[in-house]
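Structure first, then comments.
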Amino acid sequence: MPELPEVETVRRRVEPGLLGRVVHEVRAGHPKVFETGSPEELTGLACIGSRRHGKYLLLDFAAPEGDAAPRTLVVHLGMTGQLTFAAPASIEDHRFRRLPSGYQKPLGVHAEDRHTHLVLAFRDGARLLFRDPRRFGRILVLPPEGEGACPRLARLGPDALGYPLTDFVKRFLKERGARRVKSVLLDQGFLAGIGNIYCDEACFTAGIPPSARADTLTKPRVARLAEAVAEALARGIENAGTTFRDFVHPDGSSGHNQEDLRVYARGGEPCLRCGTILVKSTVAQRGTVHCPGCQK
DNA sequence: AATTCGCCCTGTCGGC
DNA sequence: TGCCGACAGGGCGAAT
């Protein structure tokens with residue numbers, strides 16, 4: 010489930026291939042994937058840069074000569090979204106799919122299939138593909154002035170990457186309410202980019218149970234939580250994202266942060282720090298793992 | 001007003 | 001072996 014580190018990894022790795030390339034042809038798949046605007050509007054435009062806000066990837070396009078109106082392609086990967094880039098001469102790998110035994114995948118770009126919902130074919134033959142079997146992902150095409158008016162983006166709080174710890178503490182204390190800690194961290198309006206994996210990991214590092222009521226945390230513990238969130242995200246990016254099943258880099262390769270996780274997906278296994286058996290439960294309607302020994 | 005619930009989706013996995 | 005229910009969960013609108 011692509012969260013901030015996964016999206017940032019995709020952004021960094023897909024941008025070099027996109028810069029300067031001009032969209033020649035657009036193929037769109039399932040209509041429900043497209044929420045606002047149409048990808049056809051990108052035809053003739055060149056990619057001039059990329060941004061990210063929380064889990065949203067924003068690709069900016071402008072006319073090479075400057076006569077057509079610019080557009081921003083907004084991509085949310087949802088649960089199973091994959092954004093891949095095929096260089097002009099690359100060969101499609103029809104074996105591109107998850108292997109039953111683990112996260113090793115053949116290198117290559119997936120062939121267009123029934124789950125491919127967007128293909129941007131560039132003039133030189135390169136292609137950007139969006140594939141999403143479960144279709145929780147969304148694609149929006151916005152004019153520059155449409156960004157502020159887009160409800161999805163407007164609802165987002167500040168991006169979690171590089172967010173000042175003092176601001177985190179201040180706003181957490183002010184906005185936490187009677188919710189559980191996990192509920193606050195997952196709230197994209199509070200902070201944009203944290204999902205289930207990095208939430209559980211940060212709570213473990215901070216020694217806070219995800220189910221604790223947010224309004225019971227003392228200020229020092231909130232400060233620890235802020236640090237833990239920053240640390241979890243930074244490590245996720247260093248490790249190029251977490252690949253359990255579907256997440257892939259634009260070239261089809263995998264992240265390796267899954268080897269560095271302390272609690273997520275480790276329910277029933279011993280805690281790496283104290284040996285206590287990790288407990289799996291449901292908090293804020295999400296599968297949650299924590300260590301009863303380390304998180305009190 | 002704040003918080004929780006139900007729904008959208010398909011592939012995978014465990015149990016029988 | 002094969003079928004089937006449970007599960008994964010981000011975000012949004014509805015319900016409480």
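Heads up: the first sequence is residues 10 to 305, going by our numbering. Glycine included, C-beta positions come from ideal geometry on N, C-alpha and C.
query, result
"Distance between residue 12 and residue 19 (C-alpha atoms, nearest Å)", "11 Å"
"Same chain, Cβ closer than 6 Å to residue 108, five either side skipped, listed in chain order", "With a pLDDT of only 38 at residue 108, under the threshold of 50, the placement of this residue in the model should not be trusted; the figure read from the coordinates follows. Hits under 6 Å: none found."
"For residue 130 and residue 123, believed in contact at Cβ under 8 Å, the rounded distance", "That pair is no contact at about 18 Å."
"Residue closest to residue 246, alpha-carbon to alpha-carbon, out of 207, 283 and 143", "207"
"Residue from 209, 145, 56 and 10 with nearest C-alpha to residue 74", "56"
"Closest residue to residue 220 among 61, 292 and 71 (Cα-Cα distance)", "292"
"Simplified DSSP assignment, three categories, for residue 305", "coil"
"Residue closest to residue 22, alpha-carbon to alpha-carbon, out of 158, 258 and 152", "258"
"Assigned exposure category for residue 140 - 16 Cβ within 10 Å defines buried", "buried"
"Cutoff 8 Å; reference residue 285; Cβ partners in own chain excluding five residues on either side", "279, 300, 301, 302 and 303"
"Counted within 10 angstroms of its Cβ, other Cβ atoms place residue 290 as buried (16 or more) or exposed", "exposed"
"Sequence-distant residues of its chain with Cβ nearer than 6 Å to residue 26 (five each side left out)", "94"
"Own chain partners of residue 112 with C-beta closer than 6 Å, once the 5 adjacent residues on each side are dropped", "Residue placement at residue 112 is flagged as unreliable, the pLDDT there being 34, under the threshold of 50; the coordinate-derived value follows with that caveat. Taken in chain order, the residues that qualify are 252 and 263."
"Buried or exposed (CB count within 10 angstroms, at least 16 for buried), residue 225", "exposed"
"Beta-carbon proximity list for residue 51, same chain, < 8 Å, skipping 5 on both sides", "32, 35, 70, 80, 82, 129 and 150"
"Reference residue 294, options 24, 217, 204 and 216, closest by Cα", "204"
"Sequence-distant residues of its chain with Cβ nearer than 8 Å to residue 189 (five each side left out)", "219, 220, 221, 222, 223, 292 and 293"
"Unbroken alpha helix (DSSP H) run spanning residue 211, endpoints", "205-215"
"Exposure label - residue 48; buried when at least 16 CB within 10 Å", "buried"
"Exposed unless 16 or more other CB atoms sit within 10 angstroms - verdict on residue 214", "buried"
"Cutoff 6 Å; reference residue 143; Cβ partners in own chain excluding five residues on either side", "88 and 89"
"DSSP state of residue 234 mapped onto helix, strand, coil", "helix"
"Pick from 54, 92 and 277 that is closest to residue 287, judged by C-alpha positions", "277"
"Residue of 217, 172, 244 and 154 minimising C-alpha distance to residue 230", "217"
"Runs of alpha helix (DSSP H) wholly within the region 143-214 (minimum 4 residues, chain order)", "155-158, 160-163, 174-184 and 190-195"
"Supposed contact pair residue 197 and residue 146 - C-beta distance, whole angstroms, cut 8 Å", "Contact flag wrong, Cβ pair sits at about 15 Å."
"Residue burial classification, residue 133 (beta-carbon count within 10 angstroms, cutoff 16)", "exposed"
"Proximity below 8 Å, CB of residue 176 to CB of residue 202", "no"
"Residue closest to residue 195, alpha-carbon to alpha-carbon, out of 38, 212 and 66", "212"
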